[in-house]
Each structure stands twice: as structure tokens, then as C-alpha cells.
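Novice: Right, I'll just put the structure down here and ask away after.
In my numbering, the protein residues as written are 308 to 522.
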């Protein structure tokens, strides 16, 4: 039932879906699921899927960035990898147009960054939740005193190819500004309480669902 709430410890899947096609797949573990806050956890080494240009890594081991024009053409390949960026706690008001990703080291002893991700309100599914990443992000240092906007070039590309209208752009930038103010102010639920949160030691790494591409 897509209307049922998930329980702490449940394995779910967070997906980015662009115009009816899955673009990223993030298996995750539920921390809390309430009308005001959905918190999920993704440990290092979680198997994930990402949409990329082409299907082979370049010599550096990375795959080519998925450009906005190829997104419009629905021209991407889903490739598997392991989540390695950081242990990630993802916090979102399901109605909001942004989420907060708390990046920590593998031992959960060192907060690496607060990451504001501009994304669509959650749609509850039988897998977990679907959203859509809107390109623009903000990386906030652990002390919340300094920050930098990220992926501005990709955001500009998306505007150029018509993914966003002028009103969309204004809303996205306003959302980013509002989110930044909440984080800077250490405003609950996006506050330091979560910097001290620890996962259940019995939780296992979540797995990819078999029919992840079904929308």
C-alpha cells in the first residue's frame, strides 16, 4: 500500500524520476516517516544506480556527466556502482522542494558537510519515495558558517534546454535561499540533533529492488 507509513529499519528505495523514466536509484533504510519529516540512511557501499552518458568508464574511472540535453532526449544508460561519498542521512519534509543530506565518515564520528539538495516533493510509492533532482545544490560546512553553491553550470544547462521556465528558476533559487537560512539558523528538524544520530548496529546494507525501473 503506497499510503502506509514505513517503520524504522525498513528497507526502501529513493528514486529520481525525470519525465517518467528512472534516473537514479538509492536503496535506503528508514529512520523516521512522519507527515513532517522523512529521514533515511544510506551507508557506504550501498549498491546504487545512476543514469550516465554511455556505459563505459573513462580512464579516470568516472563516467561522463549526464547533460541536460540528453536528459530531455531521455538518452542515458543506468549503470551500477557503490555509494562511496560518505555515510548519508537524508532529511526531508515530504512536501518541501529540498532535502538535507548529512554527510559523515564511515564510523559516524566526523560530520563532513551539510548538503542542501533542491528536489521535488516526495511521491510515496511501493518502493519508497520518488522525487526529481533539480540540479542546484548547496554545500554547507559543518560549522554552518560557510557554504558554496554547487552544480550551477548544470543548472544553467537545464535552463538553456528548456527544462525550467523563468518562474521555475525563480522558485528554485528562492527555495535554495530559504533552505540555507534554515540550516544556518540550526532550525529543527534540520539541526545538530541529527549530527549526533547513530544507526542501529544491526542494520544491514540495503539492496536494489528487482523491478526498480517500474514507474
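Cβ atoms here follow ideal geometry from the backbone N, Cα and C, with glycine treated the same way. Because the structure is a prediction, the values reported are computed rather than measured.
Quick one: grab the DSSP three-state call for residue 351.
Specialist: Here residue 351 sits in coil by DSSP.
Novice: Since residue 483 contacts residue 425 with CB under 8 Å, what's their CB separation in whole angstroms?
Specialist: Right, their Cβ atoms sit about 6 Å apart.
Novice: Starting from the N-terminal side, write out each stretch of the beta strand (DSSP E) that is 3 residues or longer and does not extend beyond the region 388-447.
Specialist: Listed in chain order, they are 394-399, 405-411, 418-426, 435-438 and 440-447.
Novice: Decide if residue 477 is buried, meaning its Cβ has at least 16 other Cβ atoms within 10 Å, or exposed.
Specialist: Residue 477 comes out exposed.
Novice: May I ask you to report which of helix, strand or coil DSSP gives residue 312?
Specialist: Reduced to three states, the DSSP call for residue 312 is coil.
Novice: Check for me: the beta strand (DSSP E) holding residue 325 runs from which residue to which?
Specialist: Per DSSP, residue 325 belongs to the beta strand (DSSP E) from 318-325.
Novice: What is the DSSP secondary structure of residue 509, reduced to helix, strand or coil?
Specialist: Residue 509 falls in the coil class under three-state DSSP.
Novice: Under a Cβ-count criterion, where at least 16 other Cβ atoms within 10 Å of its own Cβ denotes burial, should residue 358 be classed as buried or exposed?
Specialist: The residue is buried, with at least 16 neighbouring Cβ atoms inside 10 Å.
Novice: Taking the Cβ atom as the reference point for each residue, do residue 448 and residue 454 lie within a distance shorter than 8 Å?
Specialist: In this structure, residue 454 lies closer than 8 Å to residue 448 by Cβ.
Novice: Between residue 336 and residue 347, what straight-line distance do the alpha-carbon atoms span, to the nearest angstrom?
Specialist: Residue 336 and residue 347: Cα-Cα distance of roughly 5 Å.
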